Amino acid sequence: MFQVKTIEDIPIAYVQKRGHPAVVAGQAFWELEQRVPLKGNKFYGVFDESKNEYRACVALSETNQDSTQSMDRGVIQGGAYAYTTIVGDYRDIVRQVGPAFDELARSCKRDPARPCVEFYKRHTEVLVMLPIIADQSAPMIP
24 MFQVKTIEDI PIAYVQKRGH PAVVAGQAFW ELEQRVPLKG NKFYGVFDES
74 KNEYRACVAL SETNQDSTQS MDRGVIQGGA YAYTTIVGDY RDIVRQVGPA
124 FDELARSCKR DPARPCVEFY KRHTEVLVML PIIADQSAPM IP
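Residues 24 to 165 in the numbering used here are what the sequence shown spells out, letter by letter.
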């Protein structure tokens, strides 16, 4: 089951790695966490399949300007996203992210112009967000 929400653009700083998230996400987040404190920041993972690039991201804020000053910057594009929430032990969550995206992709019409997004709400909760075209408040009927 999924829900739909619309988000605004999110300015970010990031560490980028080439490769599939299952392989490179851990290293990307490790590098990001060496620069930016976990406490008080919002963290995202962004995977662009067309470029085979994964970005471990932190939302820019007044409190992290110094720690993100030398980092690459970008924007998580706003718009409509179908999402599901994964709750549990962090190691279990990480294993469920890929299958959760697959399930969303089977249920929704994806917007290929925007990458998939993971929002690490807390250590035990992740929102898996698939960009979608227009408003989709109900699953597609196969």
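Glycine residues also receive a C-beta, built at the ideal position from the N, C-alpha and C atoms. Everything numeric in this text was worked out from a predicted model, so none of it was measured.
Three-state class that DSSP yields for residue i in the structure shown
{"i": "GLU141", "result": "strand"}
{"i": "ILE116", "result": "helix"}
{"i": "ASP125", "result": "helix"}
{"i": "LEU150", "result": "strand"}
{"i": "ASP89", "result": "helix"}
{"i": "GLY17", "result": "Look at the range of the chain in this structure, 24 to 165, and you will see that residue 17 is not part of it."}
{"i": "ALA136", "result": "coil"}
{"i": "ARG41", "result": "strand"}
{"i": "VAL46", "result": "helix"}
{"i": "GLU166", "result": "Residue numbering for the chain in the displayed model covers 24 to 165; residue 166 lies beyond these limits and cannot be assessed."}
Between the CA atoms of residue j and residue i - distance to the nearest angstrom
{"i": "GLN119", "j": "ILE109", "result": "8 Å"}
{"i": "LYS74", "j": "CYS80", "result": "17 Å"}
{"i": "VAL69", "j": "ILE156", "result": "18 Å"}
{"i": "HIS146", "j": "ILE116", "result": "9 Å"}
{"i": "TYR37", "j": "LEU55", "result": "7 Å"}
{"i": "GLU72", "j": "ASP89", "result": "31 Å"}
{"i": "LYS40", "j": "ALA51", "result": "6 Å"}
{"i": "GLY42", "j": "GLY102", "result": "25 Å"}
{"i": "ASP32", "j": "ASP134", "result": "15 Å"}
{"i": "SER130", "j": "TRP53", "result": "32 Å"}
{"i": "ARG114", "j": "LYS144", "result": "15 Å"}
{"i": "ASP125", "j": "LEU61", "result": "28 Å"}
Per DSSP, cross-strand counterpart(s) of residue i
{"i": "ARG96", "result": "ALA36"}
{"i": "GLN26", "result": "TYR106"}
{"i": "VAL81", "result": "ALA36, PHE66"}
{"i": "GLU76", "result": "ARG41, ASP71"}
{"i": "ILE155", "result": "ARG133"}
Supposed close pair residue i, residue j - CB separation, criterion 8 Å
{"i": "ARG96", "j": "ILE35", "result": "7 Å"}
{"i": "VAL140", "j": "THR91", "result": "With 8 Å as the limit, VAL140 and THR91 do not qualify as a contact, their Cβ atoms being about 18 Å apart."}
{"i": "ALA82", "j": "TYR67", "result": "7 Å"}
{"i": "LEU127", "j": "LEU150", "result": "Actually they are not in contact, since the Cβ atoms of LEU127 and LEU150 sit about 11 Å apart, beyond 8 Å."}
{"i": "ALA45", "j": "GLY121", "result": "7 Å"}
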